[in-house]
Amino acid sequence: MAQKKRSAEGKCLENLYRAADTLSAMLALEVKELSARQKTARRDGTETSGIVKAMKEITAILKDVAAVTKTVNEQGAEAEGGECGVVLLPKVEDV
Numbered sequence: 005m006a007q008k009k010r011s012a013e014g015k016c017l018e019n020l021y022r023a024a025d026t027l028s029a030m031l032a033l034e035v036k037e038l039s040a041r042q043k044t045a046r047r048d049g050t051e052t053s054g055i056v057k058a059m060k061e062i063t064a065i066l067k068d069v070a071a072v073t074k075t076v077n078e079q080g081a082e083a084e085g086g087e088c089g090v091v092l093l094p095k096v097e098d099v
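Residue 5 is where the sequence shown starts when you use the numbering used here, and the numbers rise one by one after that.
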């Protein structure tokens with residue numbers, strides 16, 4: 005019974021790590037797109053405040069994902085191969 009419980013916990017943690025990695029990767033792609041749009045907007049002289057706001061929101065989401073992952077790790081939940089990372093974002097440039 006205990007073995008099944010540990011196996012289920014390991015599977016849940018594995019799913020959590022996979023979800024965190026997937027979300028981080030998706031957000032990193034969004035940041036790349038926003039960065040490209042920001043550069044284009046600056047070249048064209050158009051408004052970029054919406055882009056900066058979106059980048060700040062993405063950064064906040066990534067910090068939340070990192071905090072959840074860190075909390076789970078600190079609680080002693082160890083899953084085999086349960087390594088998880090967070091994508092580092094480029095600095096948000098204010099106009």
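Cβ coordinates follow ideal geometry from the N, Cα and C atoms, glycine included.
So, helix, strand or coil for residue i, using DSSP?
i, result
"Q42", "helix"
"T52", "coil"
Rounding to the nearest angstrom, what Cα-Cα distance links residue i and residue j in this structure?
i, j, result
"T73", "I62", "17 angstroms"
"L27", "K43", "24 angstroms"
"A119", "I65", "Given a span of 5 to 99 for the chain in the structure shown, any question on residue 119 remains unanswerable."
"E78", "K36", "31 angstroms"
"T75", "L38", "30 angstroms"
"Y21", "E51", "37 angstroms"
"A32", "E18", "21 angstroms"
"R47", "K15", "48 angstroms"
"M30", "K60", "15 angstroms"
Report back the beta-carbon spacing between residue i and residue j to the nearest angstrom; my notes put them in contact at under 8 angstroms.
i, j, result
"A71", "I55", "Rounded, the Cβ-Cβ distance is 25 angstroms, inconsistent with contact."
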